[in-house]
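Inspection log for the structure reproduced underneath, given as structure tokens.
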Amino acid sequence: MTDFPALTLETPAEHPFAQFVRILGKGKRGARNLTREEAREAMGMVLDEQVEDTQLGAFLMLLRHKEESAEEMAGFTEALRERLVVPTLTVDLDWPTYAGKKRHLPWYLLAAKCLGQNGVRIFMHGGGAHTAGRLYTEQLLGLLQIPLCRDWQQVGSALDNGGLAFMPLVDWAPQMQRMIDLRNTLGLRSPIHSLARILNPLAARCGLQSIFHPGYQAVHRDASGLLGDTAIVIKGDGGEIEINPDADSHLYGTTGGASWDEEWPRLAEQRHVKPESLDPEHLKAIWRGEVEDSYPQLALIATMALALRGLGDTRDEAFDKARQYWDARDRSI
Numbered sequence: 094m095t096d097f098p099a100l101t102l103e104t105p106a107e108h109p110f111a112q113f114v115r116i117l118g119k120g121k122r123g124a125r126n127l128t129r130e131e132a133r134e135a136m137g138m139v140l141d142e143q144v145e146d147t148q149l150g151a152f153l154m155l156l157r158h159k160e161e162s163a164e165e166m167a168g169f170t171e172a173l174r175e176r177l178v179v180p181t182l183t184v185d186l187d188w189p190t191y192a193g194k195k196r197h198l199p200w201y202l203l204a205a206k207c208l209g210q211n212g213v214r215i216f217m218h219g220g221g222a223h224t225a226g227r228l229y230t231e232q233l234l235g236l237l238q239i240p241l242c243r244d245w246q247q248v249g250s251a252l253d254n255g256g257l258a259f260m261p262l263v264d265w266a267p268q269m270q271r272m273i274d275l276r277n278t279l280g281l282r283s284p285i286h287s288l289a290r291i292l293n294p295l296a297a298r299c300g301l302q303s304i305f306h307p308g309y310q311a312v313h314r315d316a317s318g319l320l321g322d323t324a325i326v327i328k329g330d331g332g333e334i335e336i337n338p339d340a341d342s343h344l345y346g347t348t349g350g351a352s353w354d355e356e357w358p359r360l361a362e363q364r365h366v367k368p369e370s371l372d373p374e375h376l377k378a379i380w381r382g383e384v385e386d387s388y389p390q391l392a393l394i395a396t397m398a399l400a401l402r403g404l405g406d407t408r409d410e411a412f413d414k415a416r417q418y419w420d421a422r423d424r425s426i
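What follows is the structure, given as structure tokens:
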């Protein structure tokens with residue numbers, strides 16, 4: 094006699110997280126954005142591991158498809174901040190680095206290193222080498238003598254001793270790292286790649302953000318404004334916080350809940366030729382002053398100026414100070 098599966102005679106209870114998937118996925122006319130409170134509750138369930146994997150994948154891809162709102166990003170960030178246990182550390186700049194570089198070397202690393210030498214305290218964080226063909230911050234820390242910190246005590250020591258500390262996302266927000274790592278399972282980057290740029294876990298004086306895709310910069314600026322953070326968002330080279338000297342730059346700023354905008358004209362009279370390959374040793378050669386190269390020197394000075402602009406200097410003041418810092422750097426490496 095054949096054994097058949099039992100009939101379902103009673104309606105099973107709906108999973109508590111299903112409501113959030115339904116809000117996002119209920120067709121063209123029925124779907125809507127999450128409110129800030131809904132976003133905070135939904136992300137809280139994700140972080141507390143109260144969500145099935147199928148729900149998480151659907152949730153992330155529905156958000157990706159519709160494009161996340163400022164209110165959603167603010168709510169997600171609040172959920173994470175409520176669960177973070179972090180020490181009180183004085184930090185000037187929150188510097189997320191999640192994109193990786195493929196056209197140019199990561200000159201922003203030299204900019205951050207030079208700022209750190211001059212008393213600017215920078216917390217840098219990233220999510221690992223998640224996309225093939227790109228060069229990531231984590232791969233260059235040893236080469237450039239940037240401290241890799243695996244706990245908050247090490248971060249505090251690095252900030253006190255050199256002004257610059259890098260801590261992997263997996264060490265302070267492992268659930269966020271898990272969602273980033275789904276990129277190669279889902280086939281697309283999820284909104285978590287964007288969210289990581291807003292988190293500012295140590296409440297730095299200013300958060301720097303780079304968003305490559307047009308239209309998202311204002312959303313990030315607005316999300317940081319809703320959170321009460323000071324932030325500057327740019328379309329940085331390759332998605333990293335690095336000014337491209339061959340292009341005009343638009344700064345999307347927020348201070349005290351008020352938005353502001355600023356245009357920075359390109360620095361190069363004509364476009365530079367893209368290097369044929371990326372040799373990390375060239376970073377060291379530029380730092381030591383062993384070679385002259387127009388593109389990186391313009392890029393890193395402008396990136397330093399961007400950071401100083403975020404800390405309150407005018408554009409002209411920031412560029413003057415950046416050049417002074419660079420000329421007086423400790424070239425040993």
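My numbering applies: residue 94 is where the sequence shown begins, and numbers increase by one.
All C-beta atoms, glycine included, are put in the ideal place defined by N, C-alpha and C.
Going by the CB atoms, is the gap between residue j and residue i shorter than 8 angstroms?
i       : j       : result
Ile-273 : His-223 : yes
Phe-305 : Ala-392 : no
Val-184 : Leu-281 : no
Asp-208 : Gly-256 : The sequence given here has Leu at residue 208, not Asp. Their beta carbons are under 8 angstroms apart, which means Leu-208 touches Gly-256 by this criterion.
Pro-177 : Cys-299 : For clarity, residue 177 is Leu in the given sequence; the question names Pro instead. No. Outside cutoff.
Leu-279 : Gly-150 : yes
Arg-422 : Gln-232 : no
Arg-125 : Ile-116 : yes
Arg-424 : Arg-359 : no
Arg-157 : Pro-307 : no
Leu-186 : Ala-106 : no
Going by beta carbon distance, what residues of the same chain come within less than 8 angstroms of residue i, once the five residues before and after it are set aside?
i       : result
His-343 : Gln-310, Ile-327, Lys-328, Asp-354, Glu-355, Glu-356 and Trp-357
Asp-413 : none
Ala-361 : Pro-338, Asp-339, Ser-387, Tyr-388 and Leu-391
Using C-beta distances below 7 angstroms, list every residue in its chain close to residue i, excluding the 5 sequence neighbours before and after it, in chain order.
i       : result
Gln-238 : Ile-426
Ala-415 : Ile-394, Met-397, Ala-398 and Leu-401
Gly-321 : Gly-350
Arg-227 : Gly-193, Lys-194 and Lys-195
Could you say which of the options lies nearest to residue i if we only look at CA atoms?
i       : options                               : result
Arg-174 : Pro-105, Leu-182 and Gly-137          : Gly-137
Ala-266 : Pro-284, Gly-220 and Leu-236          : Gly-220
Val-350 : Cys-207, Thr-104 and Asp-315          : Checking the sequence, you will find Gly at residue 350 rather than Val. Residue Asp-315 is the option with its Cα nearest to Gly-350.
Leu-301 : Ala-421, Ile-215, Arg-271 and Gln-390 : Ile-215
Tyr-229 : Asn-254, Asp-253 and Glu-333          : Glu-333
Arg-290 : Leu-262, Gly-405 and Leu-275          : Leu-262
Arg-276 : Leu-153, Val-114, Lys-119 and Thr-407 : Leu-153
His-365 : Ile-379, Asp-339, Asp-141 and Leu-371 : Asp-339
His-218 : Gly-118, Asn-293, Val-178 and Thr-104 : Asn-293
Glu-369 : Arg-196, Glu-385 and Pro-98           : Arg-196
Met-269 : His-286, Asp-253 and Met-260          : His-286
Leu-234 : Ser-162, Thr-190, Gly-212 and Arg-271 : Thr-190
Lys-367 : Leu-376, Pro-389 and Glu-385          : Pro-389
Lys-121 : Pro-284, Asn-337, Lys-159 and Thr-128 : Lys-159
Leu-127 : Val-179, Asp-141, Ile-336 and Leu-155 : Leu-155
Glu-335 : Thr-101, Ala-204 and Arg-424          : Ala-204
Gln-246 : Ser-387, Val-179, Asn-337 and Asp-420 : Val-179
Ser-162 : Asp-146, Asp-187 and Leu-288          : Leu-288
Ser-317 : Thr-348, Ala-361, Pro-373 and Asn-337 : Thr-348
Asp-141 : Arg-271, Asp-187, Asp-406 and Leu-186 : Arg-271
So what does residue i bridge to, in DSSP terms?
i       : result
Trp-357 : Ser-342
Met-217 : Trp-188 and Phe-259
Gln-247 : DSSP output for Gln-247 lists no bridge partner at all.
Lys-206 : In DSSP, Lys-206 forms no bridge with anything.
Leu-241 : Phe-259
Lys-121 : The partner list for Lys-121 (beta bridge, DSSP) is empty, contrary to what the question assumes.
Thr-347 : Ala-324 and Ser-352
Ser-303 : Ile-327
Leu-319 : Per DSSP, none; premise fails for Leu-319.
Lys-414 : Answer is none; Lys-414 lacks a bridge partner.
Leu-228 : Lys-194
By Cβ distance, which residues of its chain are closer than 6 angstroms to residue i, with the 5 residues on each side in sequence left out?
i       : result
Phe-110 : Met-138, Val-144 and Gln-148
Ala-251 : Pro-240, Cys-242 and Ala-258
Arg-133 : Gly-168, Glu-171 and Ala-172
Gly-346 : Ile-325 and Trp-353
Ala-135 : Phe-113
Pro-98  : none
CB of residue i to nearest heavy atom of the ligand FAD: below 7 angstroms?
i       : result
Gly-403 : You won't find the ligand FAD in this model; it holds no ligand whatsoever.
Taking Cβ positions only, does residue i come closer than 8 angstroms to chain B?
i       : result
Gly-350 : Included in the structure is just one protein chain, with no chain B present.
When you compare the segment 200 to 216 with the segment 150 to 167, are there three or more beta-carbon pairs, one atom per stretch, that lie closer than 8 angstroms?
no
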